[in-house]
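Notes to accompany the following structure.
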Amino acid sequence: MTDTTELSKAYEPTEVEARLYAFWLERDYFRAAATSDKPAFSIVLPPPNVTGSLHIGHALTATIQDILTRWKRMSGFNALWLPGTDHAGIATQMVVEKELKKTEGKSRHDLGREAFLKRVWEWKGKYGARIGEQHRFLGASLDWSRERFTMDDQSSAAVREVFVRLYEEGLMYRAQKLINWCPSCRTALSDLEVEHEEKNGSIWHIRYPIKDSDRTLTVATTRPETMLGDTAVAIHPEDERYLGLAGQLVVLPLTGREIPIVADAELVDPKFGTGVVKVTPAHDFNDYQTGLRHKLPMVSILDEAARMTKDTGKYAGMDRFEARKAVLADLQEQGLLEKEEPHKLSIGTCQRCTTVVEPRLSPQWFVKIEPLARPAIEAVEQGRTKFVPETWTNTYFHWMRNIHDWCVSRQLWWGHQIPAYYCTSCSPRQGDDTDLPLDAPTVKVGGVDFARAEPIVARTTPESCPKCGGKSFIQDPDVLDTWFSSALWPFSTLGWPRDTAELKTFYPTSVMETGHDIIFFWVARMMMMGLHFMGDVPFRTVYLHAMVRDEKGEKMAKTKGNVIDPLDIILGAKPEQLNATLKNKFPQGMPAFGADALRFTLASLTQQGRDIKLSMDRLAGYKAFCNKLWNASRFALMNMGEYQYDGRSPKELPLTLADRWILSRLQRATTEASASLEVYGFAEAASTLYQFLWAELCDWYIELAKGSLYGEDAAAKDTTRAVLVYALDRVLRLMHPFMPFITEEIWQKLPMTRPTESIMIAPYPTPDTALVDEAAESEMAPVIAAIEGLRTIRGESNLSPATKLKAVVQSPDARTRELLERWRGYLLPLAGLSDVQVGPPGPKPPQAAAFMATNLEIYVPLAGLVDLDAERDRLRKEMARSEQEAASILRKLENPNFVAKAPPDVVEKDRARVLELKERKAKLEDHLQRIAPEPSMPENLPTENSTPTEESESASPSEPAQVKVAPSKEDKGGVDLGRELKGEMGDEGRVPEEDPQVQDALAKLREGTKEGLSPTDHHDLGVAYMSMGLVDDAMREFGKAKEGGDAREAPADGAASKPARTGGKKAKTQAAAPDASEAPEMPAAPKAPKAPKASTEKPTVATAAPVKAPAKPAAKKAPAAKSASTQAPAKKGAAPNAAAGKASAKKGAPAKAAGAKSSVKKGAAVKKAAAAKKAAGGKASAKKGAAKKAAGKASAKKSAAKKAPVKKAAAKKAGGRAPAKKKASAKKAAAKKVTRAKPSARAKARR
RNA sequence: GGGCGCAUAGCUCAGUGGUAGAGCACUGCCUUCACACGGCAGGGGUCGCAGGUUCAAGCCCUGCUGCGCCCA
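Using the numbering used here, read the first sequence as starting at 64 and increasing by one per residue.
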């Protein structure tokens, strides 16, 4: 390994992956011990087709299994993951045949069996290693020393042994039965290898004349050509139409053969078709059973290629579909074809070649299933094997309880030849097979008629015939179903039938992990064979993963051109290598995402019970995650200096709060990740680690660590380094099973003493409870809350990160204050502050932006920096959220049933929550009043009957004091207060405080905020208290409200109506509350809470509005406000502070002398559909939401809660009109995120 | 025909009765000395539809619609 601590700037997976896999192989880390003191963990890899190529399903399989194996290996297990490949009988034989045809123009029969098999082995030698090599690109930690092949000597020996034992036990037999036959592959198939597909076809009605009668019976059939093989016609015994006919004969058309009419209640459904069914026992499974019941002759009319046999007269040699046409034509000609009707039917096709399969009567080998299935069912019933997800258990049971005997013989050459031998001396000979086609599946070997000969089943060729003493034998030419050898895989790979140490150590295997598509093919059969031959289940757990589909959910198939090659993802690919969709997505070619990103993606998408849609976007996201990990590590290494971590517990170091916090969070992540892995929760574990690394370690700890790392205190520096190394070491090990390469690469470079030479054999972390630090986490909470609050202010105000702010943070809680004070070193850099003053609630800074969190009030003095408009909008939004949530909880609390029946703690929580929300909202409103935008206009202070002041706004655009809009901000619609105030002063150089006018207004503002709560708030609180039954408190609040000017009566029922809230300002030149005529003292004293009265508003703004969007601001506003106030429903008094969205004339108006801006408060709580409906109509929707959404979608609630400032969108959008929607749908939407300062998981993660 | 599963943000998906979430995508600000594969902030939801149970339903029950898979 390299010593360098330098890492490249971005993670480049390709070189790292190749180098590290070689390193692991060289050190032999993948090899499991045959015997060991460690507990065993074993998985056998579902053997891929030996000549196959890695596809995305293999990648998923390998990812999951490698995660399990590496996790267990690191957790102290003797972990075996055993690789191998499957000979894949039909598939491989077909591939080689095709190649043979292509290159030499020969068939396998041209070569003969022996020569052909030699070719297949050569092929296997050439391509057989490919699939294994491809697994290495994935990082699969397979024990290659134990690699196996289903046709190697050991496996073949196991197959023979099983076959013979089953035969000896009577569970393997040979019989002439109707089986599924593929006329193209020319072999028998098991039931499972036939795929059923619904297709549109026809059903023909054919008249069969009754012998010695004028009458005919009309049969309905989907396969007229098989009538040549009919041996009866069946009717339902109780069908009145055909009473008395049973036992008579019909004359089979086209042949003249006479066949009986039989009564069969099982076969015939009198309601279907004509109620008469032709019976063709040799070509239909239902008819076959009928034939057995009625002892009917069975006439085969199709040969192994599904051509009509020589017994079919004029049809002989025709293909079955050709024959169908001929038969129909002849019937037509004879007037026996009554009609043809469209008909849906289920067609069985060959899984391998999609040829329509043909039921065929032939001698085959079968496994008697019932005695094997019973124990396999019981084992699962008893829980000796468990399915994950559990839902597969029922599927398994259903199939196991209904399976038929398993046809295991295949008329192929490539596979395990059946260990049955026939004496060439005394076996019946084939007498008349001379005209069989050369390529007949049962070739003429020694002339033995295998259909009639008696097999001698033996492990090796018999010495002599027990019957005649003959010494010459011929082995059964057929081979076994590929799945037969696969069924033995869990024990044949461990050495069975020999008694090996591996079997003792690793059987039963720990987990069988595979796709759910082979639960019957493979899982069920392994269960049966394992139980029968090993006496125990083959695996304790079956984890069945989903199918991987493309991004659209379509199955990946070459024919669809949507196949994604895992190697392309890992290594990258040129555009010409990609399928059309991918080429479109990556016109320059696909970048090398790397195995780690692919693995992490697959693990993250693996959810139980649904298919995986492989999303390239998510893949890119996880590559970014790799890069993030890389760079976090790079940062750490860059700051290590000469430091070497000595492995001491961090507990012994003088830890800072951030240290303690991240160490504690790490322990939690450790616990959660392990717990998820225990229950196969790969996606959950991956998510936990992702969140920890990114949202906690990178976003917080590393940022906090910079203080000490860049500082002068050497000891503090080293402590931080220790924690960084400790945390990285741990998280790398935690992630190693998911992302083996990048974790190894980084881990090797950490400046520390490594317990092992490789991370893959280092211990998997377990949580260190000594480092779980509740106190640190709760101490960190207010620090984080404060930083996030400050960032919110900054973000919402579009302040550059470079702008340093001064902040005032107030908390009633002494502990919180102490913490913030102590950790101001965290606060300043992360929030971008130049200073912070922490104190108890008290005088608020004038004209500041504010953020209210639980127990925390944050103010940032504007100092000419903050976008006042945006700030007001934000505050209103916050208020609306609080209001919405409070209202919804209040509704609950008002319900006596809820209070009576819900658990007390739930009720209590809700009550506390309401109070908290009310308080929060009160503070917000209070602050909103404080930064009301009218300080420079004392002459506009409203009186009792004052009208809004838009006139003045539009009237005096030229007066400096009224120029509100800083030109530079015009386009954005924001208002820069500093400039605004300066403008008002007409002097850019002076600070606002020096202006007497401003001073005056500010003084009034301060005065007005002393009480903290507005009368409206007191009233609302009263309602809340009332609903909780706290009558005294409620009455006190109502009293205060009244004192403050809230004229409403205390509601008798606790469901008082609430007045609409003020808060919105119409125009910046206007006094704070002029929109409420009944709120005279508004601007200076926020006691006047009344609803805005739209009627008093004059849309004078319109005159100043640009030609382009003339009516909007005004027209919109007025009706909305009106509806809001007039519609305020009585019940809960949802005061639709509604919603007239604010409209800014600035934007649309190119020159707008005076930014005639009009702003109406956003409605906080429009709870009633009726109110909402109307209110919505007036909304000038904001930002992109409005631009994006169809007008009709902007529902009332949204509009009410939405941001009002009309930014760019308003200019773009002509309308901004949001037609009312019928339903006030956004109840929840509006209520959401009420208290969340930051919605992202990364933020949430650290709370 | 029988069985199973799925339907939640633009996309891919978590969410087992008590404040609807993540990643990606999107919008704004920022190329700040780990990372622009980046940082901060923000917007975005009729939880398929309709009933029912419950104080309370995305979650439980019934029915319906659509999609998928398996079996016959």
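Virtual Cβ for every residue (Gly too), placed ideally from N, Cα, C. Please read all numbers here as calculations on a predicted model, not as lab measurements.
Straight across, the Cα-Cα distance linking Ala894 with Pro845 is about 13 Å. Membership of Asp898 in the beta strand (DSSP E) is indicated by the continuous run 896–902. Scanning the segment 389–466 for uninterrupted beta strand (DSSP E) segments of 3 residues or longer gives 400–413, 421–430, 449–451, listed from N- to C-terminal end.
Counting every other CB atom within 10 Å of its CB across the protein chains shown gives Gly338 a total of 16 or more, marking it as buried. The segment 99–106 and the segment 642–660 do not touch, with fewer than 3 CB-CB distances between them shorter than 8 Å.
Judged by pairs of C-beta atoms under 8 Å, the segment 933–948 does not touch the segment 865–873, as fewer than three such pairs exist. By a beta-carbon distance limit of 8 Å, Arg796 contacts Ala825. Their separation comes to about 6 Å. Apart from the 5 residues on each side of it in sequence, Leu359 sits with its Cβ closer than 6 Å to the Cβ of Thr294, Ala295, Pro344 in its chain, given in chain order. Beta-bridge partners of Tyr485 (DSSP): Ile537.
Only buried fits Arg383, as 16 or more other CB atoms lie within 10 angstroms of its CB. Rounded to whole angstroms, Arg270 and Arg304 show a C-alpha spacing of 15 Å.
With fewer than 16 other Cβ atoms inside 10 Å of its own Cβ, Arg711 counts as exposed. Secondary structure note for Val846: its alpha helix (DSSP H) is the uninterrupted segment 837–859.
Restricted to the segment 279–359, the beta strand (DSSP E) segments that are unbroken, complete and at least 3 residues in length are 279–284, 295–298, 312–314, 321–326, 339–342, listed in chain order.
For Asp781, same chain residues with a beta-carbon under 7 Å away, outside a window of 5 residues either side, are Tyr706 in chain order. As the crow flies, the alpha-carbon of Asp968 is around 38 Å from that of Ala911. Contact between the segment 260–274 and the segment 399–416 is present: three or more C-beta pairs spanning the two stretches fall below 8 Å. Around the beta carbon of Ala636, a 10 Å sphere encloses 16 or more other beta carbons of the protein chains shown; the residue is thus reported as buried. When Glu404, Met592, Ala587 are compared, the shortest CA-CA separation from Val605 is found for Ala587. The beta carbon of Cys248 lies closer than 7 Å to those of Ile153, Cys413, Arg415, Cys416 in the same chain, with the five residues before and after it left out. Just so you know, the alpha carbons of Phe755 and Arg793 end up roughly 11 Å apart.
Between the alpha carbons of Val977 and Glu837 lies a distance of about 27 Å. In chain order, Leu720, Val846 place their CB closer than 7 Å to the CB of Trp886, counting only its own chain and leaving out the 5 sequence neighbours on each side.
Ser138 sits in coil when the DSSP states are folded into three classes, being neither helix nor strand. A Cβ-Cβ separation of about 7 Å places Gly191 in contact with Thr114 under the 8 Å criterion. Judged by DSSP in its simplified three-state form, Val742 adopts coil rather than helix or strand. Just so you know, the alpha carbons of Arg983 and Val443 end up roughly 57 Å apart. Looking at the backbone, the Cα of Asp350 and that of Val325 are separated by about 12 Å.
Within a 10 Å sphere around the beta-carbon of Met701 sit fewer than 16 other beta-carbons, which makes this residue exposed. Scanning Ser116, Val183, Asp973, Leu180 for the CA closest to the CA of Ile627 turns up Ser116.
Cα atoms of Ala666 and Gly175: separation of roughly 48 Å, rounded to the nearest angstrom. In this chain, Trp267 is not harboured by any alpha helix (DSSP H); it is covered by the beta strand (DSSP E) spanning 257–272. In the three-state reduction of the DSSP assignment, Ser247 falls in the coil class. With respect to Ser696, Leu791 sits close: the two C-beta atoms are nearer than 8 Å.
Linking Asn141 to Leu566 through their CA atoms gives a straight-line distance of about 14 Å.
Residue range 76–90 is occupied by the alpha helix (DSSP H) that includes Phe86, with no beta strand (DSSP E) assigned at that position.
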